[in-house]
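> Whatever position you read off the sequence shown (first residue = 1), add 20 for my numbering. We put the CB at the ideal spot given by N, CA and C, even for glycine. In this text the structure is predicted, and so the values were computed from the model without any measurement.
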Amino acid sequence: MRAYMIRRGFHSFFIILGIMALLFFAINVLGDPVQLLVDEEASEEMIQALREAYGLNRPLYVRLGEFYKNLATLDFDKSLRHRIGAGNMVLDRLPNTFALGLVAWTLGSLGIPLGILAARRPRGIVDRLINVMSFAIISIPDFWLALMLILLVSVQFDLLPTSGYDGLGPEGWKFIIMPAIALCPRVLGRNAQITRATMIEELGKQYVSTARAKGLAENTILYTHVLKNASIAIVTLLGAEMAGFMNGATVVEVIFRWPGLGHLVIEAIRFRDLPVVSASVFTIALIVMATNLIVDVIYTWLDPRITYK
Numbered sequence: 021m022r023a024y025m026i027r028r029g030f031h032s033f034f035i036i037l038g039i040m041a042l043l044f045f046a047i048n049v050l051g052d053p054v055q056l057l058v059d060e061e062a063s064e065e066m067i068q069a070l071r072e073a074y075g076l077n078r079p080l081y082v083r084l085g086e087f088y089k090n091l092a093t094l095d096f097d098k099s100l101r102h103r104i105g106a107g108n109m110v111l112d113r114l115p116n117t118f119a120l121g122l123v124a125w126t127l128g129s130l131g132i133p134l135g136i137l138a139a140r141r142p143r144g145i146v147d148r149l150i151n152v153m154s155f156a157i158i159s160i161p162d163f164w165l166a167l168m169l170i171l172l173v174s175v176q177f178d179l180l181p182t183s184g185y186d187g188l189g190p191e192g193w194k195f196i197i198m199p200a201i202a203l204c205p206r207v208l209g210r211n212a213q214i215t216r217a218t219m220i221e222e223l224g225k226q227y228v229s230t231a232r233a234k235g236l237a238e239n240t241i242l243y244t245h246v247l248k249n250a251s252i253a254i255v256t257l258l259g260a261e262m263a264g265f266m267n268g269a270t271v272v273e274v275i276f277r278w279p280g281l282g283h284l285v286i287e288a289i290r291f292r293d294l295p296v297v298s299a300s301v302f303t304i305a306l307i308v309m310a311t312n313l314i315v316d317v318i319y320t321w322l323d324p325r326i327t328y329k
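Following this line, the structure appears as structure tokens:
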């Protein structure tokens, strides 16, 4: 297990290096960020002075080398636009994205008991209703649902604020609940479908027939044996969804003006702010890869027969 984790760590390291190189060249292909930071009436001398101050007048390979050097020390330099540490900006936004993702992930996890309920009586009325509902909500785009929530809940009925942020304290739920609801339907539907399919597959196996022949209660079979064996597929999905919320909530964050990491990345790309974009992408990549490693560890806990070499 330890050797596997070390090997995965090395693979992740090189993947991150590749991602950051692609990011560096992509941002530089977009054009000169100084042009977005000055007025149209700015003189050429002022533009050149700013490019020199930001180090943008140096050859591309020199800047790439310094980029990797700063990356190795986790020094992402200052934001070109705000002139404050890019790393600090990311750390300020990260808890907000994590909180939004956690609430949406928790709501989406309600699909697991729905999937179990559907699997108890396959092709029954409850199963058909849950199956149709899960397919329907998976097809709802996040941005469309976000706009509909604003239109109905905020504009029409004035129940919740349209957007904004009031911290993560007791009053923060008013601002986080609609973005979380906009993010969760697709996850809820997938959880219900995967749980249902995996549970039905396990219920058809020989050990279930043996347990029933021994006289075990149906709930004992379902929750003690079947759910445990089906949980590997469920944990895989939950891990992927949690990682996805960390980098996939961008559109919803922008619509609700939620001050999260996705919103920060969009602003940084707009102004070609390489330090902020690189700090954000690096953080997201670390979170995704750490989540995958945690899921691998959980696999061995759920099923000791699983070994990594």
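Whole angstroms are fine: how far does the CA of His102 sit from the CA of Ile47?
Cα to Cα, the separation comes out at about 17 Å.
> Looking at the unbroken alpha helix (DSSP H) that takes in His102, where does it start and where does it end?
No alpha helix (DSSP H) holds His102; DSSP gives it neither H nor E.
> Could you give the DSSP three-state label for Lys89: helix, strand or coil?
Three-state DSSP puts Lys89 in a helix.
> How many Å lie between Leu50 and Arg292 at the Cα?
Approximately 7 Å between the Cα atoms of the pair.
> Does the distance between the C-beta of Val301 and the nearest non-hydrogen atom of the ligand ADP fall short of 7 Å?
Although the ligand ADP was asked about, the structure shown includes no ligands whatsoever.
> By the three-class DSSP mapping on this structure, what secondary structure does Lys98 have?
Lys98 falls in the strand class under three-state DSSP.
> Measuring straight from C-alpha to C-alpha, what distance separates Tyr81 and Gly224?
Roughly 60 Å between the two C-alpha positions.
> Please report the distance separating the alpha-carbon of Ser300 from that of Asp112.
Distance between the alpha carbons of Ser300 and Asp112: 11 Å.
> Kindly confirm or deny that the segment 272-288 and the segment 250-262 touch, where touching means at least three C-beta pairs closer than 8 Å.
They do not touch, by the three-pair rule.
> Under the three-state reduction of DSSP, which class applies to Trp278: helix, strand or coil?
Residue state, collapsed to three classes: coil.
> Hey, how far is the Cα of Ile314 from the Cα of Ala202?
Cα to Cα, the separation comes out at about 27 Å.
> Cα separation between Ala69 and Asn77?
When rounded, the distance between both Cα atoms is 9 Å.
> Starting from Ala305 and walking both ways along the alpha helix (DSSP H), at which residues does that stretch end?
Unbroken alpha helix (DSSP H) run through Ala305: 294-322.
> How do the segment 212-228 and the segment 121-140 stand: do at least 3 beta-carbon pairs fall below 8 Å, yes or no?
In short, these stretches touch, since the Cβ pair count reaches three.
> Terminal residues of the continuous alpha helix (DSSP H) containing Ala23?
22-49 is the extent of the alpha helix (DSSP H) around Ala23.
> Which same chain residues end up closer than 7 Å to Val297 when comparing Cβ atoms and leaving out the 5 residues on each side of it in sequence?
Excluding residues within five positions, the ones whose Cβ falls inside 7 Å are Leu43, Ile47, Val285, Ala288, Ile289.
> Using 8 Å for Cβ pairs, my map puts Leu94 next to Gly107. What's the rounded Cβ distance?
Yes, Leu94 and Gly107 are in contact; Cβ-Cβ is about 7 Å, under 8 Å.
> Since I believe Ser63 is in contact with Pro295 (beta carbons under 8 Å), could you give me their beta-carbon distance rounded to a whole number of angstroms?
That pair is no contact at about 25 Å.
> Considering only residues of the same chain and omitting the five flanking positions on each side of Thr270, which have a CB-CB separation below 8 Å?
These residues qualify, in order along the chain: Gly282, His283, Val285, Ile286.
> Go ahead and pull the three-state DSSP assignment for Ser154.
Helix at Ser154.
> Assess contact between the segment 178-188 and the segment 147-165, defined as three or more Cβ pairs (one per stretch) separated by less than 8 Å. Is contact present?
The segment 178-188 vs the segment 147-165: no contact.
> Three Cβ pairs or more, each shorter than 8 Å: is that satisfied between the segment 111-129 and the segment 224-243?
With a cut-off of 8 Å, the segment 224-243 and the segment 111-129 do not count as touching, because too few Cβ pairs lie within range.
> Mind listing, in chain order, the continuous alpha helix (DSSP H) runs of no fewer than 4 residues lying wholly within the segment 185-233?
Whole alpha helix (DSSP H) segments, 4+ residues: 193-223, 226-233.
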